[in-house]
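Quick notes on the structure that follows.
2 protein chains.
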Amino acid sequence: MIDTQAFRNGMALLGGAVNVITTDGEAGRFGFTATAVCSVTDEPPTLLVCMNRNSYAHDHFKTNGVLCVNVLNGDHQNVSWDFANRDLNSEERFSRHSFTNLTTGAPALDEALVNFDCTIHESHEMGSHTVFYCRIQDVRIGSADAGLVYFNRNYHRLCDSSVA
Amino acid sequence: MIDTQAFRNGMALLGGAVNVITTDGEAGRFGFTATAVCSVTDEPPTLLVCMNRNSYAHDHFKTNGVLCVNVLNGDHQNVSWDFANRDLNSEERFSRHSFTNLTTGAPALDEALVNFDCTIHESHEMGSHTVFYCRIQDVRIGSADAGLVYFNRNYHRLCDSSVA
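Chains as they are written, first to last, in our numbering: chain A, 1 to 164; chain B, 165 to 328.
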């Protein structure tokens, strides 16, 4: 098996969209920045989100049972920073940006590329992380035309003029 | 719940690295193109790959019990096409490109951005797909400096000059 540093150096080369994952409900409002999100199946519409079990917000996501995947647009680096900033508490993070409730009550970031509003259907523990399998209850597509991707430890702005 | 078309239109905006997933072993050699790959945990080093259960190669991956995630570089659009082309059989796909065995025997694409050579640790069925949880036995980092990302139904070349 490889060591942690080799794992991290390799994973830095797997580019991924930058997302803010939010929840709200009886446990309160929380959010964090994540790239480990992917599509699973369209029957029924399902995605997955990986979350560190040591994160202070982890159990609150489980209690609320809902989450919204907010896919950041190319100008949303500041949103990514705020929701990854351990010096900001939950209310400070949310107060800096604008959100709307869609179906589940999880906060949907306005001007995201797309919001996937979900119920958590199943949780699967794997090492230090939980994989949340989420059923998509609502989707809202924004008007932005550029995405934000994290690759090689840098943010990249993706737009159609960068087509390979 | 949302419909299939809304799911697909939303997911088209979740940019992701383009990968070719390969296997070899008693069931033979197979490979397919996938974006639904993500990091899970570094304790122990684990990633996941989502695969359609209706794919002809699905059961062969399970039988072999190993797979390699080959993260394509920015000039690998042709590799992506070949491994997504239903008109090419397995041997035709592999004969067009160069591969090396690392630890498990799953073919590692030469000049990939990075190869993650894995054993399949666990399979989790979800709707039409199987999620393979894979333990990373070996990693090889290539010399390419650009990645290939699929976003908004187009390929994009990511390099450090495209930093946001």
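The C-beta atom is built at its ideal place from N, Cα and C for all residues, glycine as well.
Owing to the predicted nature of the structure, the values given are computational and were not obtained by experimental measurement.
Contact set for residue i: own chain, Cβ-Cβ below 7 Å, skip 5 residues either direction
i        : result
B/Ala221 : Phe194 and Phe196
A/Glu111 : Asn73, Gly142 and Ala144
B/Asn234 : Asn183, Val184, Thr186, Ala272, Leu273, Ala276 and Asn279
A/Ser171 : Since the first residue shown for chain A is 1 and the last is 164, residue 171 of chain A is missing from the structure and cannot be characterised.
B/Pro208 : Arg299
A/Gln77  : Leu148 and Tyr155
A/Arg93  : Gly31, Asp82 and Phe83
A/Ala24  : The residue asked about is misnamed: residue 24 of chain A is Asp in this sequence, not Ala. Counting only Cβ-Cβ distances below 7 Å, and skipping sequence neighbours, we find Asn64, Gly105, Ala106 and Pro107.
B/Ala176 : Asn316 and Arg317
Segment limits, alpha helix (DSSP H) that includes residue i
i        : result
B/Val327 : Neither: B/Val327 is in no alpha helix (DSSP H) and is coded neither H nor E.
B/Asn111 : With chain B running from 165 to 328 in the structure shown, residue 111 of chain B is simply not present.
B/Ala170 : Thr168 to Met175
Own chain, CB closer than 6 Å to residue i, minus 5 neighbours either side, in chain order
i        : result
B/Val213 : Ile185, Val201 and Phe296
B/Thr294 : Met215, Arg217 and Ser287
B/Asn173 : none
A/Asn101 : none
A/Phe7   : none
Other residues of its chain near residue i: CB distance less than 8 Å, five sequence neighbours each side excluded
i        : result
A/Thr170 : Nothing about residue 170 of chain A can be read from this structure; chain A reaches only from 1 to 164.
B/Glu190 : Thr227 and Asn228
B/Cys323 : Gly238, Asp309, Ala310 and Gly311
A/Thr35  : Gly16, Ala17, Val18, Asn19 and Tyr150
A/Met1   : none
B/Asp251 : none
B/His261 : Val243, Asp246, Leu273 and Asp274
A/Phe99  : Thr22, Pro107, Ala108, Leu109 and Asp110
A/Asn85  : Arg93
Extent of the continuous beta strand (DSSP E) run through residue i
i        : result
A/Gly31  : Phe30 to Ala34
B/Asp223 : Note, B/Asp223: premise wrong, no beta strand (DSSP E); alpha helix (DSSP H) at His222 to Asn228.
B/Arg299 : His293 to Ile305
B/Ala276 : Where B/Ala276 is concerned, there is no enclosing beta strand (DSSP E), given that its DSSP letter is neither H nor E.
B/Asp188 : Here B/Asp188 belongs to no beta strand (DSSP E), and DSSP marks it neither H nor E.
B/Leu312 : Gly311 to Phe315
A/Thr100 : Phe99 to Asn101
B/Thr205 : Val201 to Asp206
Presumed contact (8 Å Cβ cut-off) between residue i and residue j, rounded CB distance
i        : j        : result
B/Val327 : B/His320 : Actually they do not touch by this definition, with Cβ atoms about 14 Å apart.
B/Thr168 : A/Asp59  : With a Cβ gap of about 33 Å, B/Thr168 and A/Asp59 do not count as contacting.
A/Gly127 : B/Val303 : About 17 Å; that fails the 8 Å criterion.
B/Cys232 : B/Ala181 : Wrong, their Cβ atoms sit about 15 Å apart, outside the cutoff.
A/Ser95  : A/Gly28  : The Cβ separation is near 14 Å, so there is no contact.
Any non-hydrogen atom of the ligand ADP within 7 Å of residue i CB
i        : result
B/Asn234 : What this structure holds is no ligand at all, so the ligand ADP is not there to describe.
Notebook entry, point to check: Curious, which full-length beta strand (DSSP E) runs of at least 3 residues does the segment 66-94 of chain A contain?
Noted result: 66-71
Note to self: Using a Cβ-Cβ cutoff of 8 Å, what residues of the segment 27-46 of chain A are near chain B? List them in chain order.
What the structure shows: Thr35, Ala36, Val37, Cys38, Ser39, Val40, Thr41, Asp42, Glu43, Pro44, Pro45 and Thr46
Check: Which of the residues in the segment 147-163 of chain A, read from start to end, lie with their CB under 7 Å from any CB of chain B?
Finding: Gly147, Leu148, Val149, Phe151, Asn152, Asn154, Tyr155, His156, Arg157, Leu158, Asp160, Ser162 and Val163
Checklist line | Where the segment 108-123 of chain A meets chain B: residues whose CB sits under 7 Å from a CB there | finding: Leu113, Val114 and Phe116
Next item on the list: Using a Cβ-Cβ cut-off of less than 8 Å, give me the residues of the segment 219-231 of chain B that come near chain A, in sequence order.
Entry: none
Check: What are the residues of the segment 5-23 of chain A that lie near chain B, defined by any Cβ-Cβ distance shorter than 7 Å?
Finding: Ala6, Phe7, Arg8, Asn9, Gly10, Met11, Leu13, Leu14, Gly15, Gly16 and Ala17
Next item on the list: Determine which residues of the segment 134-145 of chain A have a Cβ less than 7 Å from any Cβ of chain B, and write them out in chain order.
Entry: Arg135, Ile136, Gln137, Asp138, Val139 and Ile141
Notebook entry, point to check: Using Cβ-Cβ distances below 7 Å, what residues of the segment 70-91 of chain A are close to chain B?
Noted result: Val71, Gly74 and Gln77
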